[in-house]
Every structure is written in structure tokens, then in C-alpha cells.
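*Asks:* Going by the working numbering, the letters in the sequence shown line up with residues -1 to 232, in that order.
Beta carbons are placed, not taken as given, at the ideal position from N, Cα and C, and that holds for glycine.
Given the structure is predicted, the values throughout are model-derived calculations rather than measurements.
My questions all concern the structure below.
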Amino acid sequence: MSKAGPIVILTGAGISAESGLGTFRDVGGLWSRYDWRDLATPEGFARDPGFVLDFYNWRRERVRAAEPNAAHRALARLQAGWPDPVTLVTQNVDDLHERAGSAEVIHMHGTHLTALCAACGHRWPAPDVMRPADPCPACARGAARPDVVWFGETPYHLDRIGAALEEAAVFVSIGTSGTVYPAAGFAAAARAAGARTIELNLEPSENAALFDTAHHGKASDVVPAWVDTLLSAP
Ligand code: APR
-1 MSKAGPIVIL
9 TGAGISAESG
19 LGTFRDVGGL
29 WSRYDWRDLA
39 TPEGFARDPG
49 FVLDFYNWRR
59 ERVRAAEPNA
69 AHRALARLQA
79 GWPDPVTLVT
89 QNVDDLHERA
99 GSAEVIHMHG
109 THLTALCAAC
119 GHRWPAPDVM
129 RPADPCPACA
139 RGAARPDVVW
149 FGETPYHLDR
159 IGAALEEAAV
169 FVSIGTSGTV
179 YPAAGFAAAA
189 RAAGARTIEL
199 NLEPSENAAL
209 FDTAHHGKAS
219 DVVPAWVDTL
229 LSAP
């Protein structure tokens, strides 16, 4: 591929799997061990905020103990070395892209490292342990929740992502099963705008048919190989 054109990258839980953070739908994945309706919906949080916050406290501790892997680092290299804009959109709520050196990561499902006040919308760095009714630093009401987009809620930054997809020369999907919308619709949107589409995943995803090319394997292998090929192209 010639060195031209903006690139939009979408990552999912698979890019962080080799950093020790579980995926959701693989064998043994989080949603095979926990019911997402209890842990990733506003209704589940309303039913038992302590249970949900304990889950996110545990996930936050796992994120803090994890390290970025070669795939995260390769994307940071691509952002630094590509002559046109590289927009990095992630469904992940970890900060491994940032810790690998990526800038301006678009967290469409929010992030574990921020707390959100459900009453006034204030955001602040999440404490190690968040408890029900923690007071908001801004309005003092006890309405703290994880700043994570739950099922039934609207993901963040969709306008910005849509604009980037419109301009993309290449759309790359990495480590995602392609089962959760709107992210699962990005490949079709990019194709409709004329972009080449590439899938880098352990195995073909649900929308594998939408990709012009695919490299299947572990992210820490296929992502650096793909980035090195791109950056070494004339
Ligand atoms: N390297 C590359 N891909 C991998 C690896 C790996 N080491 N391990 C797993 N995968 C792939 C799996 O084959 C699967 O296609 O990563 C994908 C993970 O899919 P999911 O577990 O469904 O995760 P994701 O697609 O990110 O889920 C989307 O669902 O529950 C919600 O909000 C949550 O953001 C999440 C969204």
C-alpha cells in the first residue's frame, strides 16, 4: 500500500488479551463467567451498585497491573511514522494504548480510569476502590459510577468517529468480534466511503466478509508485522 491517506483503526478486547486482560466472548471470556445484564447495564447498576462497583474495582486493578504489548506499541509507532492522520478508536476501557505511547485515543466505551457523576456529569480520576454513594467532588451528591458506556447507553465520540470514517483511505479492525454496534458497523461505513478494509484478528470475526484483506493470528504478531510492512513501503 502506498504511503498515502488517513487511517482509522478500531481496536477491541483482543488487542489487550496478551497483556492479560480478558476478552468478553472467547472461551472463558468475561461474559461466559458473568452475566452482562448484571454488570454492564444501567439496570444492573441500579439493582446492585456495590456488586457492579466491586467488578469495576477488580477490572481497574487488573488494568493497572497490565502492561501494553507489542501490538499497542506498534500502533503508537504507526501514529508517529505515518504521513497522514491515524485515528485510533478503541472499544477498550483500559489505558494500554496511551501507556504504549499513542496519543488522542478515542475511547468510545469510556475508560476504567475515570469516575463519572450520574447527577451532574462531572468526571474525575477513578479511585482504586469506588463505593456506592461516593460523593461527587463537584456537586457532593452520592452518584458516582464508572465512566464506562453500558449496554443500552450511547457510545461516546460517534460524530468524531463518523467524520474520520468518511475521510479514511484505510480502515483496520483489530481484536474485536464485530458483534457489538455501532462499532461493528464501522467497516461497512468505511467501505461505503471508499476505504480499503483490513482485519487483524485471532480468527475471522462476525463481519469478516466486509474486509478486503485479513491477517489472522495473535495481535502481538500480526499487528507489528502489518505496521512494519506499512512503514517500510516506498
Ligand atoms: N490477538 C488478536 N485477537 C484476539 C486475541 C489475540 N491474542 N485474543 C482474542 N482475540 C479476538 C477474538 O477472536 C475475538 O474476535 O478478539 C475478539 C474479542 O472479541 P470480544 O470478546 O467480543 O471483545 P470486543 O469485540 O472488544 O467486544 C466489544 O462488547 O461487551 C462489550 O463493551 C464491551 O467493548 C466491548 C464490546
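(1) Would you mind sorting tryptophan 148 into buried or exposed? The rule is 16 or more other CB atoms within 10 Å of its CB.
(2) In three-state DSSP terms, what is aspartate 145?
(3) Please find out if some non-hydrogen atom of the ligand APR comes closer than 8 Å to the beta-carbon of phenylalanine 209.
(4) Would you mind stating whether proline 144 and alanine 101 have Cβ atoms separated by less than 9 Å?
(5) For threonine 311, write down the residues that DSSP places opposite it in a beta bridge.
(6) Can you give me the C-alpha to C-alpha distance between isoleucine 13 and phenylalanine 53, rounded to a whole angstrom?
(7) Going by alpha carbons, who is nearest to glycine 27 out of Ala138, Thr174, Thr195?
(8) Is any non-hydrogen atom of the ligand ZN found closer than 8 Å to the C-beta of valine 178, if you look at the structure I gave you?
(9) State the DSSP-derived secondary structure class of methionine -1, mapped to helix, strand or coil.
(10) Cβ of glutamate 151 versus every heavy atom of the ligand APR: is any distance shorter than 8 Å?
(11) For proline 123, report the span of its beta strand (DSSP E) as first-last.
(12) Output needed for glycine 192: all residues of its chain with C-beta closer than 6 Å, excluding positions within five of it in sequence on either side, in chain order.
(13) Restricting to Cα atoms, I'd like to know which of Ala190, Val61, Glu151 is closest to glutamate 165.
(14) Mark leucine 208 as exposed unless 16 or more other C-beta atoms lie within 10 angstroms of its C-beta, in which case mark it buried.
(15) Ignore the nearest five residues each way along the sequence and tell me which others in arginine 97's own chain have a CB closer than 7 Å to its CB.
(16) Spell out the partners DSSP gives histidine 105 in its beta bridges.
(17) In three-state DSSP terms, what is valine 178?
(18) Count the CB pairs spanning the stretch 47 to 61 and the stretch 121 to 136 that are closer than 8 Å, and state whether there are at least three.
(19) Suppose the cutoff is 7 Å on Cβ atoms and the five residues either side in sequence are ignored; what does the same chain contact list for alanine 185 look like?
*Replies:* In brief:
(1) buried
(2) strand
(3) no
(4) no
(5) Not covered by the structure: residue 311. The range shown for the chain is -1 to 232.
(6) 21 Å
(7) Thr174
(8) Summarising the ligand content, the structure contains the ligand APR and does not contain the ligand ZN.
(9) Confidence is the limiting factor: at methionine -1 the pLDDT is only 47, short of 50, which leaves the residue's position unreliable and the question unanswerable from this model.
(10) no
(11) 121 to 123
(12) none
(13) Ala190
(14) buried
(15) Pro66
(16) Thr88
(17) coil
(18) yes
(19) Phe169, Ser171, Thr195, Asn205, Leu208, Phe209
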